[in-house]
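> What follows is a single structure, and I will ask about it in a moment.
Protein chains: 2
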Amino acid sequence: MNTIAKSEKSDIALIAERITNAVMEHRLPPGVKLAEERLAEAFKVSRTKVRHALTVLAKEGLVTLYPNRGAFVASPSVQDARELFATRRLLEPEVVRKVIDRAGKAELRRLRAHIAKEAEARLANDRRAVIKLSGEFHMLLAKLSGNPYISKLMDELCPLTCLIIALYDSPQTPACPEDEHIRIVEAIELKDEATAVSLMLHHLQHVENELKLSVDEKVDIDWEKMFA
Amino acid sequence: MNTIAKSEKSDIALIAERITNAVMEHRLPPGVKLAEERLAEAFKVSRTKVRHALTVLAKEGLVTLYPNRGAFVASPSVQDARELFATRRLLEPEVVRKVIDRAGKAELRRLRAHIAKEAEARLANDRRAVIKLSGEFHMLLAKLSGNPYISKLMDELCPLTCLIIALYDSPQTPACPEDEHIRIVEAIELKDEATAVSLMLHHLQHVENELKLSVDEKVDIDWEKMFA
DNA sequence: CGGCGCATGATTGTGAACAATCATTCCTTA
DNA sequence: TAAGGAATGATTGTTCACAATCATGCGCCG
């Protein structure tokens, strides 16, 4: 038997994870309602656990909870999208720097392995997997940076980025730059900090520029103040 | 009647807020057990709501949840403390910059009002209020920055900072620098970005330096690998 | 014919009882 | 006497039933 206590995830963490995966793979589109009963029978668990998972996801910002109305997949505004990328541009250079400082062979191997999976999915033309794996690449980097607060935040921002891509990406563009992840890892392996940071910033800018974040957004009007 | 829908907080948000306040005021020390039944009768609510509030606080990192054992106020390690300050040094300069760009008269007034409350608490020798208000000053700044992701993260990091102060502060030192907040606000009012950022960084460094984060920490030993 | 309001069904929110798990204490035994 | 182990009490985790709330559709009235 397994004498070593392996930290197995709780039921609710599992449920939250599966929902997050579905969102990252664009199977659950933004704004969709997540009815508790439906999810409960889909996951073969009680409604209570689903409810817990939904509150967790709400704290992470991936779903929005309207009192007495239920849970919906979040649908970030254009403004939100801009702030999100601004935040990532703030964090990820530091992530890259810390990974260069800390990463040993094992960590570099994990990065390589992940990139291999990305290439595989690209070859198979599995767009859904590509988008999810692209997000997870940044989450992996953040984890390897060793800063738990940054890592936790990136675990929230990356799924949200996938949502934003679902909302604002022009469908036909490849969306995910072919080799930018590889080049970042190569710079990290060479411990070339300046290049790695620069590549990361360009990568983020590139992803944001692909989106149609035009200013003619549907402004959410403050109907209260409008006629005050 | 109040025709304007005021977004009233849910019960569980209220409970979580009261617990957070207690932690920030050092009334709930790190590591203390938060038994559901006790809290339920203290707040005059059912255990279900307390349970929800605790999972929310766990997601925020302020309490730690051990399965089948209950909830405990978090007690961050020295390593955690260092990473926390590193993260704040990364975020708060950007916060200051954005506040300088965005803040109008109303926002500056709110900052001034907050500092007045801090001075008041200091005058009354209310150390608990001083610590809480000092944390809330940074949360207010983050909110005024207009970036919801940074603001949300600061809403988690500031209570944690209060916990770290409870753990590692030498009790007799004043702990909270007298006038550093005031000088930051003054620089913001003058729109002197360089000075404001510099003051913020010095402030954070100052707070961290006051702590006894010596390296002879109680290393949490990996008993699994130790005898492998 | 269109709009308002009420009844109805569906969904969320809450509480309480029950089951499962853990910590403590006491007893047994070597 | 100390170690091991089982009973006990306390606490967490789960389920289920019920209450509260919201959305839908129908009918009534202007």
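For the protein sequence lines, the chains are A and B, in the order given. Residues in the first sequence are numbered consecutively from 1, following the UniProt record's numbering. Residues in the second sequence are numbered consecutively from 1, following the UniProt record's numbering. Note that CB positions come from ideal geometry on N, CA and C, so glycine has one too.
Taking Cβ-Cβ distances below 7 angstroms as the criterion, which residues of the UniProt domain "HTH gntR-type" (9-76) of chain B are in contact with chain A?
S10, H52, T55, V56, K59, P67
> For chain B, check one thing: does any of its Cβ atoms lie closer than 8 angstroms to the Cβ of A/I164?
no
> Determine, for residue 235 of chain B, whether the minimum Cβ-Cβ distance to residues of chain A falls below 8 angstroms.
With chain B running from 1 to 228 in the structure shown, residue 235 of chain B is simply not present.
> Rounded to a whole number of angstroms, what is the C-alpha to C-alpha distance between A/H206 and A/G31?
26 angstroms
> Chain B partners of A/T87, CB-CB under 7 angstroms?
N147, Y149, I150
> Name, going along the chain, the residues of the region 85-117 of chain A whose beta-carbon falls closer than 8 angstroms to a beta-carbon of chain B.
A86, T87, L90, L91, E94
> Whole angstroms are fine: how far does the CA of B/C158 sit from the CA of B/H138?
7 angstroms
> In whole angstroms, give me the CA-to-CA distance for B/P148 and B/R38.
34 angstroms
> Between the region 152-168 of chain A and the region 12-31 of chain A, do three or more beta carbon pairs fall short of 8 angstroms?
yes
> Who are the Cβ neighbours of A/M1 in its own chain at under 6 angstroms, not counting the five residues just before and after it?
Bear in mind that a pLDDT of 34 at A/M1, under 50, signals an unreliable position, so the number given afterwards is only what the model happens to contain. Nothing meets the Cβ criterion.
> So who's on the other strand from B/T64, going by DSSP bridges?
B/F72
> Should B/W223 be labelled buried (16 or more other beta-carbon atoms within 10 Å of its own) or exposed?
Since pLDDT at B/W223 reaches only 48, below the 50 mark, its modelled position is unreliable, and no value is offered.
> Quick check on DSSP: helix, strand or coil for B/D169?
strand
> Spell out whether any CB of chain B is found under 8 angstroms from the CB atom of A/L153.
Proximity of A/L153 to chain B, defined by a Cβ-Cβ separation below 8 angstroms, is satisfied.
> Between which two residues does the alpha helix (DSSP H) containing A/T105 stretch?
The sequence as given places Lys at residue 105 of chain A; Thr does not occur at that position. Run containing A/K105: 105-123, per the alpha helix (DSSP H) assignment.
> Which same chain residues, not among the five before or five after B/E92, have their C-beta less than 6 angstroms away from its C-beta?
M200
> Which residue comes first and which comes last in the alpha helix (DSSP H) that contains B/A196?
193-210
> How many whole angstroms separate the CB atoms of A/L54 and A/A71, which I take to be in contact at a CB cut-off of 8 angstroms?
With 8 angstroms as the limit, A/L54 and A/A71 qualify as a contact, their Cβ atoms being about 5 angstroms apart.
> Of the choices A/K98, A/E193, A/M154, A/S198, whose alpha-carbon is the least far from that of A/E60?
When each option's Cα is compared against that of A/E60, the closest is A/M154.
> DSSP three-state label for B/K9, please.
Residue state, collapsed to three classes: coil.
> Please report whether the beta-carbon of A/L141 lies at a distance below 8 angstroms from any beta-carbon of chain B.
no
> For the structure I just gave you, are there three or more beta carbon pairs, one from the region 18-25 of chain B and one from the region 125-138 of chain B, closer than 8 angstroms?
Contact between the region 18-25 of chain B and the region 125-138 of chain B is present, because at least three Cβ pairs lie under 8 angstroms.
> Would you mind giving the Cβ-Cβ distance between A/K191 and A/I100, rounded to the nearest angstrom? I have them listed as a contact below 8 angstroms.
5 angstroms
> Is DSSP giving A/T3 helix, strand or coil here?
With a pLDDT of only 35 at A/T3, under the threshold of 50, the placement of this residue in the model should not be trusted, and no figure is reported.
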